[in-house]
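Take a look at the structure set out below.
Laid out in structure tokens, this is it:
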């Protein structure tokens, strides 16, 4: 099965616990992240997470799972942002 087909079948859920812990499934890639913003490519589109003191607690792209902790102020789907290719590929030049 092609990777793109597998991604479409992957479930996508967002669970926010007390505005301090965010669990996301259906994650295809992490486009960028810092202490104030995490930009995710999911099977349902680009998701922007904004807040303060954000850090990626766990990232398992093979399983499509991400956990972000910190003070979460905004979670938004943003169709105006286009995927740029893998953050890891850009970092390591692959």
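In the numbering used here, the protein residues as written are 11 to 104.
Idealized CB from N, CA, C, for every residue including glycine.
**OP:** Please go through the same chain and pick out, in chain order, the residues whose beta-carbon is closer than 8 Å to the beta-carbon of residue 55, but skip the five residues on each side of it.
**Re:** So the list reads 87, 88, 89, once near-sequence residues are dropped.
Original post:
If we ignore side chains and look at the alpha-carbon of each, how far apart do residue 47 and residue 72 end up?
Top reply: Taking the Cα positions, residue 47 is about 22 Å away from residue 72.
Original post:
Exposed or buried, what is residue 82 when buried is set at 16 or more other beta-carbons lying within 10 Å of its beta-carbon?
Top reply: Buried: at least 16 other Cβ atoms inside 10 Å.
**OP:** Could you please give the first and the last residue of the uninterrupted beta strand (DSSP E) stretch that includes residue 56?
**Re:** Counting along the chain, the beta strand (DSSP E) containing residue 56 begins and ends at 55–70.
Original post:
CA-CA distance, residue 93 and residue 33?
Top reply: Going from the Cα of residue 93 to the Cα of residue 33 covers about 21 Å.
Subject >> Exposed unless 16 or more other CB atoms sit within 10 angstroms - verdict on residue 59 >> reply: Buried, by the Cβ-count rule.
Subject >> Neighbourhood of residue 84 by C-beta, 8 Å cutoff - its chain only, sequence neighbours within 5 removed >> reply: 58, 59, 60, 61.
**OP:** Return the chain-ordered list of same chain residues with a C-beta closer than 7 Å to the C-beta of residue 51, the five sequence neighbours on each side being excluded.
**Re:** Once the five neighbours on either side are set aside, the close Cβ partners of residue 51 are 38, 39, 41, 93.
Original post:
When we look at the beta-carbon of residue 78 and count the other beta-carbons within 10 Å, is it buried (16 or more) or exposed?
Top reply: By the neighbour-count definition (other C-beta atoms within 10 Å, threshold 16), residue 78 is a buried residue.
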